[in-house]
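So the structure is just underneath, and the comments pick up after that.
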Amino acid sequence: MSQQISGIALQFGSPPAVRPVTHVQQAAEIATQARTLIVIGPTKRQRNVRTRLAQKGEILKEACLQLLNEQVGKSSKRSFVIQRFHDSSAFLGEYGSYAEQATARNPVKPKLMLIEPMLIETGDARTMFVSDQKVSFEKQLREALDLLEQLAGPDMSAQRPPPGSDDDRQLQLARERRDQLLADEKWFNAPEVHVQQGHDPNAQGVNNTASRLRRDKLLLGAWNGREYLHPQFQFDRHTGRLMPEVEPLLEVLPKDRSGWRQVFWLFQKHARLQNRRPADIFQDQPTAVIEAARSDFVIDDERW
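Numbering (this note's numbering), first residue to last: 1147 to 1450.
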């Protein structure tokens, strides 16, 4: 079989690994190794390889979140239909069939496939899951999400106006404001967040604590071009721990993967707060800040 198809595979393990998949021989190698999640789809010629892989990486990330919610028994919206395979031949048959349809230019949608290899017990014809894989799947999912987030970073392209646009000046002002906030305000990087939460600074995965908190929408981070930084006002000045009121605040603030739209609002004066900045009073008056955010970003029936 030699079908060509565009895909990307996420192999779970310690550490997890991401690799592109372009033909069924690569898929055959993957099918006999560790638990792997593959997203495959027809190639769109107008898009370059980097763009295609980035899009599939986003799909992998959403799929991992869905699987994690299922693993921990948390109800959530199912964004994808994920086919599960415990037999490599069944997986390869489905993969090859999909490749034929895609190369025939039929209207096929991207497909998500989870391969979970099974092990033959010595002296026994029964097949069974590798027990340590089953027990550690939640841990593997979290590690994979950390990796995908580090590889992707925020998509800043949507924030850039076209060259010559009237918004060029606004973009320049935003960059200057961002640089000023980075220089003037207090921030924690990922290892410092790990320590603030009471964890061992010498433990492995010191970056994972912050990424999990951001992913669970419990912590605000802003992308500086290299890493996420986290405004210190979110942490209780007495205990050092992340304040629980950050979660309802982030639920109200507008969504922005780079974090800067939220940061700009938090570090500018607000009339409802006696012309004080939300970030400056959040530790003492979190409810007032949340209500100010609601007044700006939530339209309820009465106000409508």
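Every residue, glycine too, gets a C-beta built ideally from N, C-alpha and C.
Cα-Cα separation between GLU1295 and GLN1431, rounded to whole angstroms: Here residue 1295 refers to the residue found at position 149 when the sequence shown is read from its first residue. Here residue 1431 refers to the residue found at position 285 when the sequence shown is read from its first residue. So the alpha carbons of these two residues sit roughly 32 Å apart.
Three-state class that DSSP yields for THR1433 in the structure shown: Locating residue 1433 in the sequence shown gives position 287, counting from the first residue. If DSSP states are grouped into helix, strand and coil, THR1433 belongs with the helices.
Beta-carbon separation (whole angstroms), ASN1176 vs ALA1155, contact threshold 8 Å: In the sequence shown, counting from the first residue as 1, residue 1176 sits at position 30. In the sequence shown, counting from the first residue as 1, residue 1155 sits at position 9. A small correction: the amino acid at residue 1176 is Ile; Asn does not occupy that position in the sequence shown. Yes, they are in contact, since the Cβ atoms of ILE1176 and ALA1155 sit about 5 Å apart, within 8 Å.
Separation of ALA1173 from PHE1158, as counted between CA atoms: Looking up residue 1158 in the sequence shown gives position 12. Looking up residue 1173 in the sequence shown gives position 27. Cα to Cα, the separation comes out at about 15 Å.
At least three beta-carbon pairs within less than 8 Å, the segment 1361-1374 to the segment 1326-1343: yes
Beta-carbon contacts of GLU1262 that lie in its chain and below 6 Å, excluding the five residues immediately before and after: Numbered from 1 along the sequence shown, position 116 holds the residue referred to as residue 1262. Excluding positions up to five away in sequence, the list reads ARG1181 and HIS1232.
Beta-carbon gap between LEU1399 and ALA1439 smaller than 8 Å: Translated into the one-based positions of the sequence shown, residue 1399 becomes position 253. Translated into the one-based positions of the sequence shown, residue 1439 becomes position 293. Contact: yes.
Below-8 Å beta-carbon distance, ALA1349 vs any chain C residue: In summary, chain C is missing from the structure at hand, where a single protein chain is found.
Nearest residue (CA-CA) to GLN1429, options ILE1228, LEU1364 and VAL1392: Locating residue 1429 in the sequence shown gives position 283, counting from the first residue. With distances taken between Cα atoms, GLN1429 lies closest to VAL1392.
Separation of ILE1427 from LYS1415, as counted between CA atoms: By one-based count along the sequence shown, residue 1415 stands at place 269. By one-based count along the sequence shown, residue 1427 stands at place 281. Their backbone Cα atoms lie some 11 Å apart in a straight line.
The segment 1379-1393 contacting the segment 1337-1352, beta-carbon criterion three pairs below 8 Å: yes
Contacts around ALA1336, its chain only, beta-carbon distance under 6 Å, and the 5 residues preceding and following it disregarded: Here residue 1336 is taken as the residue at index 190 of the sequence shown, counted from 1. ASN1353 and ALA1356, listed in sequence order.
Own chain residues within Cβ distance below 6 Å of VAL1435, not counting five before or after: On the sequence shown, residue 1435 is found 289 positions in, with the first residue counted as 1. Only PRO1424 and PHE1428 meet the Cβ criterion.
Closest by C-alpha distance to ARG1403, when choosing among GLU1204, VAL1170 and GLN1420: Here the question's residue 1403 lines up with position 257 in the sequence shown. Measuring from the Cα of ARG1403, the nearest candidate turns out to be GLU1204.
GLN1217 to PHE1283 span [Cα, whole Å]: By 1-based counting over the sequence shown, the position of residue 1217 is 71. By 1-based counting over the sequence shown, the position of residue 1283 is 137. Separation of GLN1217 and PHE1283 (C-alpha to C-alpha, rounded to the nearest whole angstrom) is 8 Å.
Beta-ladder partner(s) of PRO1377, from DSSP: Here residue 1377 corresponds to residue number 231 of the sequence shown, with the count starting at 1. Residue pairing by DSSP places PRO1377 opposite TRP1333 in a beta bridge.
ALA1180 (DSSP reduced to helix, strand or coil): Within the sequence shown, residue 1180 is the residue found at index 34, counting from 1. Residue state, collapsed to three classes: coil.
For GLY1187, three-class secondary structure by DSSP: For this step, residue 1187 is matched to residue 41 along the sequence shown. GLY1187: strand per DSSP, three-state reduction.
Pair within 8 Å by beta-carbon distance, ALA1286 and MET1259: Residue numbering aside, residue 1286 sits at position 140 when the sequence shown is read from its first letter. Residue numbering aside, residue 1259 sits at position 113 when the sequence shown is read from its first letter. The displayed chain sequence assigns Gln, not Ala, to residue 1286. Between GLN1286 and MET1259, the C-beta gap is not smaller than 8 Å, which leaves the two residues out of contact.
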